[in-house]
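Student:
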Amino acid sequence: TTGNQWDVSTTETSSNSGTITNPWSLQYTLDGASNRILPGDTVWIRGGTYTGSFISNLVGTANQPIVIKNYNDEQTIITTTTGNSNNVLTLNDDYIWL
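Just so you know, we're using the working numbering here: the sequence shown kicks off at 14 and counts up by one.
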């Protein structure tokens, strides 16, 4: 990828800048972070447990996918408290590499 690098953490807010020291929330990021996440960008997910039902609406392109990776091989767990594991992460997106 050739774009910007953004950071996500379990200790975040949507008003942060998306950096390693001021990361975004997972859902805010998956919503595109107010149109800041663009084709070619990389999203680093910090280790920890993310609880909820998450929906991704990110859109990359064939030549510039959006890459979502765990940061520095940290363990990332996405789970739900509802007991319905079918709705933990819904991907409504194009050209996203996880």
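Quick reminder that beta carbons are idealized off the backbone N, C-alpha and C, glycines included.
Please report how far the alpha carbon of S38 lies from the alpha carbon of G73, in whole angstroms.
Tutor: Distance between the alpha carbons of S38 and G73 is about 20 Å.
Student: Grab the span of the alpha helix (DSSP H) containing Q40 for me, first residue to last.
Tutor: Counting along the chain, the alpha helix (DSSP H) containing Q40 begins and ends at L39 to L43.
Student: Excluding sequence positions up to five away, which residues of its chain have a Cβ less than 7 Å from the Cβ of D44?
Tutor: Counting only Cβ-Cβ distances below 7 Å, and skipping sequence neighbours, we find N70.
Student: Using the Cβ count rule (16 or more neighbours within 10 Å means buried), how would you classify W110?
Tutor: Looking at its Cβ environment, which holds fewer than 16 other Cβ atoms inside 10 Å, W110 is exposed.
Student: Could you tell me whether the Cβ of W57 comes closer than 8 Å to any Cβ of chain C?
Tutor: Here there is only one protein chain, and chain C is not present.
Student: Output needed for N100: all residues of its chain with C-beta closer than 6 Å, excluding positions within five of it in sequence on either side, in chain order.
Tutor: Result list for N100: S66, in chain order.
Student: Answer yes or no: the CB of G31 versus the heavy atoms of the ligand GTP, is any distance below 7 Å?
Tutor: In the structure on display, the ligand GTP does not appear, and there are no ligands present to speak of.
Student: Measuring only the C-alpha atoms, how far is D86 from D106?
Tutor: So the two alpha carbons sit approximately 24 Å from each other.
Student: Leaving out five residues before and five after Q88 in sequence, what residues of the same chain have Cβ atoms less than 7 Å from its Cβ?
Tutor: Correct list, in chain order: G60.
Student: From Q18 to T103, what distance separates their C-alpha atoms?
Tutor: So the two alpha carbons sit approximately 22 Å from each other.
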